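Residue numbers (the working numbering): 63 to 160.
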């Protein structure tokens, strides 16, 4: 289904609003001094890139989901790994100290 001019306008407005929220999140996340939390900002940026790409491909990313390239999927997986994984917890020694 082809997107109408009104659809495109609405989707572009949505992207602009999301970019505004993302900018505030990025600014605030920088102050946490936690690179894993800051990585969420990178994930948001990747999501927004996918929204823009989907729209240029004639897809309503709100209603129909995203067009995601293999490269974007790989990047998102790397970001998820950065956020949620890391060195395993150090087990306590015989005296119960880490």
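Cβ atoms here follow ideal geometry from the backbone N, Cα and C, with glycine treated the same way.
Predicted model only: the values in this text are computed from it and were never measured.
Could you say which of the options lies nearest to residue i if we only look at CA atoms?
i          : options            : result
residue 71 : 121, 95, 84 and 90 : 121
Thinking residue i and residue j are a contact (beta carbons under 8 Å), I'd like their distance in whole angstroms, please.
i           : j           : result
residue 110 : residue 141 : Contact doesn't hold; Cβ gap of about 13 Å is too wide.
residue 126 : residue 108 : Not a contact, Cβ separation roughly 19 Å.
residue 123 : residue 65  : Rounded, the Cβ-Cβ distance is 10 Å, inconsistent with contact.
Leaving out the 5 sequence neighbours to the left and right, which residues in its chain are closer than 7 Å to residue i when beta-carbon positions are compared?
i           : result
residue 87  : 103 and 106
residue 145 : 98, 101 and 102
residue 92  : 100
Output the distance between the C-alpha atoms of residue i and residue j, rounded to the nearest integer angstrom.
i          : j           : result
residue 82 : residue 116 : 19 Å
residue 79 : residue 85  : 10 Å
residue 68 : residue 128 : 19 Å
residue 75 : residue 132 : 27 Å
Here's a check: name, in chain order, each residue in its chain whose Cβ is nearer than 6 Å to the Cβ of residue i, leaving out the five neighbours to either side.
i           : result
residue 130 : 112
residue 118 : none
Just to confirm my understanding: we take residue i, look at its own chain, exclude 5 residues before and 5 after, and list those with CB closer than 8 Å. What are they?
i           : result
residue 114 : 77
residue 136 : none
With contact counted as at least three CB pairs below 8 Å, one residue from each stretch, are the stretch 130-141 and the stretch 89-98 in contact? no
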